[in-house]
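Quick note: the sequence shown, position 726, residue 1459 per the working numbering, numbers continuous. Don't be surprised by glycine CBs; every beta carbon is placed ideally from N, CA and C. Just so we're clear, the structure is a prediction, and the values are computed from it rather than from any experiment. Okay, so here's the structure we're looking at.
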Amino acid sequence: MSNKEILEQDAVSMSETMTPQEQASLLSGHRMWKTEKIDRLGVPHIVMTDGTYGVRYSIQQIEQDEKGGQDFAAFLNVVNQRAKDVEIAWGTMKPATCFPNGSSFACSWDVELALTLGTALGQECQNLGVHLLLGPGINIRRTPLGGRSYEYYSEDPVISGDIAAGVINGLQQQGVGASLKHFACNNSEVERTTMDSIVDERALREIYLRGFERAVRQSQPWTVMSSYNRLNGVHTAENRWLLTDVLRNDWGFTGVVVADWHGIKERPESLLAGNDLDMPESESRKAQLLAALEDGRVDRKIAEQSCRRILSLVQKAKAAERRDTQVDYNQHHQLARSMVAESIVLLKNDRKLLPLEAESCSRLLVIGEGATVPVIQGSGCATTVPTQVDIPLDEMNKLAADQMNVRWIQGTSELESLRDALIEEACAAAAEADKIVIFASTENGYDGEGSDRTTLALAPGHDRLISAVAAVNPNVIVVLANPDAVVMPWLDEVGAVVETFFAGQAMGGGLADVLFGKANPSGKLTVTFPKRLQDTPTWLSYPGENGKHYYSEGIFVGYRWYDSREIEPLFPFGFGLSYSEFTYSDIELDKQTLRAGETVAVSFTLTNSGTCSGKEVCQLYSRYHQPRLARPHQELKGFCKVELAAGESRRITLQLPADDLRYYDTGRGEWILDHDLITLCVGTHSRSLPLQATLECQSAVARYRLIQHDTQPVFVLENPIARGMFNQFLQRELSINEQDAERILQHCANSFFGIFTTFDRRLRQSFDRKICEQLIKEINQAIKQQEIDA
């Protein structure tokens, strides 16, 4: 049967004609990177592979169909390989563009650029014959120690979800599916395949699921990948509440749920939970499923439903297949270079050491192994074999040309025995230089899948090198390459700090462009940099104990923690300098009150008051005056990136839906808009928000909790509906008038017992339980009806 014929068939009818053996095969995958074909029905394979920032294509495992990685222990050993050993781990690889990694690229705060990235990845997938790219990954960077943080975007769900949606839309517009991952709460590599993430439902909804929800609603990824860990006692791959109730029923996801590789422990249970595709092929799990299908433990209709989803995925992928797609890899390298320049974060620039200019720097000293062997990516399944790699020292020499004498000194070594001599040599050279650029990085091997970092410090010897050189010559510019936040004990000793994170194969060129002023830095941090590890929200609960991660900080993750506790960070969330200066003025709201379902437009004027053109990331935060439940001091609600010429002003408008101002009420099991005054703040980062305007949110819901049998009288009496209905109840049951009933309620107001227990204790009066339960039901129905009417 031809591809055209398979595409014209109805997935519903096909799934209904499949035998149990065919169902078990289709739902179990083929080898490492393909779905299973069904010859009788003419259903072909489709190919998937890893890649959150580049396409990792193994010739042996895809083209030669080697099983590879079937043994779980061997698989985990593979993903622990260092980035430089990727071909040892996965076999011969086809090169692909290694774009800036997630922690780097997200610092661009540019959704349009995310769309461009997705487009480029989609083109390379089409060229390589890949139908489904396993990314992006958007788990919240709960702790800066997280080994896989380099792939993930942020500590905040708004920017995580919006950047992910851009990448997904770009991919899928090219006819290549995305797999949004890892769903959910895979926030550490410590025992990640077995660890139980214990998260309260409000934090789960507002922080850890919110980014996934935004991405799903904005982009409808073809697949979502379940994570390895347990969530509140249930493996996510077998968690019906997560995969069906939330993902499908609440958010409207219509695609395929695929398990992370070997992430399913009990295959029948996972299918019943809504996990459609088990990857990679496992004969034992396939046999489990077939047995359950044959003996009726799994209803055939459930299997048919998942088969339909996979058949629809195959049909969509094959229909969009364009194997003749041509890729200009040089052009993609230039795109990667521009992305680096957009994402680099300038953290410090005292005395305007940057940009480098011949007039103030005829003798430039470059120190560090990273200048000649750049650190461009982390380790694990996302590791990409680059098409080419820019060497930072070479790129700096090109831009320096004949106007600047550039000298390189090694300065650092993984061998402790060499460090003293190398530092001494670096200091001697620094005494003769006008400016010094030092390349520093975190320790190799703690930057990826399978292990978390153990410290926020740089690699051994790097901090000492920086301090020693700065003591000789303070005109030091530190260039950092690291997966997540680091501490900087030498910060006050140096003049400038440039953060690249892991910036991909064009890091050297993009960095040179920023250092020499060919590009104006515009990146902003998407995580908070703490002054010390002890200041982090997870300090007392990470990594957990007895197989459990306790998310004790609740909703107070990242900047929400530092701001609410008034802890001064090393660098705040959203921070980043520019060679330009920007001023904000004239904030205005298009309405003064906001109700559920409405949107408020926040307008302000942005001015480039500097001497060169540049880009600014404008950030919108909300602050709550008297919320019914605890709220962070402030929360990011919107952002945009704006380019302005020197001296140019522009009126900017951000649209803020009321839905984005809600909190999740676990008592009601729903999202609620507070009836409260909210201050909307606009500025350059979370600790610099010069513009503020007050908005009144009007909601009949937020002030009054629903009533239960043991609710204390104070909460009953503060609710006019409940108070009135209890008054009527007492009148009816005790044959008293309204005034006497009100006096009884007032008499009970200070009791710490439940309302009915208080009646029993203070009035020596008990009521029939069924009558009490009916009253509670009627009160709560009346409360909800008033909210609907409002």
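Assuming contact is defined by CB atoms lying nearer than 8 Å, are residue i and residue j in contact in what I supplied?
i	j	result
residue 862	residue 909	no
residue 1267	residue 831	no
residue 1198	residue 1219	no
residue 1354	residue 1407	no
residue 1309	residue 1258	yes
residue 940	residue 890	yes
residue 1548	residue 899	Residue numbering for the chain in the displayed model covers 734 to 1523; residue 1548 lies beyond these limits and cannot be assessed.
residue 1454	residue 1512	yes
residue 1424	residue 1434	no
residue 886	residue 871	yes
residue 824	residue 792	yes
residue 1010	residue 991	yes
residue 1113	residue 875	no
residue 919	residue 961	yes
Run through DSSP, which three-state label would residue i get?
i	result
residue 747	helix
residue 1223	coil
residue 763	strand
residue 860	helix
residue 781	strand
residue 802	Residue confidence is low: residue 802 scores 46 on pLDDT, short of 50, so the model does not pin down where it sits. Its coordinate-derived value is still stated next. In this structure, residue 802 counts as coil in the three-state DSSP scheme.
residue 1460	helix
residue 1524	Here the chain has residues from 734 to 1523 only, and residue 1524 is not among them.
residue 1254	coil
residue 956	strand
residue 1421	strand
residue 1289	coil
residue 1269	coil
residue 1172	strand
residue 1315	strand
residue 1014	coil
residue 1191	coil
residue 1199	helix
residue 772	helix
residue 921	coil
residue 1517	helix
residue 1133	helix
residue 827	strand
residue 1294	helix
residue 891	helix
residue 1390	strand
residue 1368	strand
Since residue i and residue j should fall inside the 8 Å C-beta cutoff, what is the C-beta to C-beta distance between them, to a whole number of angstroms?
i	j	result
residue 1387	residue 1402	Actually they are not in contact, since the Cβ atoms of residue 1387 and residue 1402 sit about 30 Å apart, beyond 8 Å.
residue 1329	residue 1432	6 Å
residue 1276	residue 912	Not confirmed; about 26 Å, so no contact.
residue 1349	residue 1255	7 Å
residue 1100	residue 1006	Actually they do not touch by this definition, with Cβ atoms about 54 Å apart.
residue 1026	residue 757	6 Å
residue 1239	residue 1106	Not really, about 15 Å apart at Cβ, beyond 8 Å.
residue 1332	residue 1389	6 Å
Tell me residue i's beta-bridge partners as DSSP assigns them.
i	result
residue 1304	1262
residue 914	870
residue 1374	1350
residue 929	963, 1281
residue 1321	1336
residue 1327	1430
residue 1401	DSSP lists no partner for residue 1401.
residue 1081	1230
residue 1181	1112, 1184
Out of the options, which one is the CA nearest neighbour of residue i?
i	options	result
residue 1273	1286, 1280, 1263, 1265	1286
residue 1040	1278, 752, 1176	752
residue 1471	998, 1225, 1461	1461
residue 894	843, 881, 934	843
residue 1519	1492, 1504, 1452	1452
residue 1365	945, 1294, 1466, 1404	1294
residue 1128	1278, 937, 1241	1241
residue 747	1045, 906, 1264, 977	1045
residue 963	983, 998, 1067	998
residue 1497	1489, 1503, 1504	1489
residue 794	1176, 781, 1493	781
residue 773	1108, 755, 765	755
residue 1212	1205, 1174, 1206	1174
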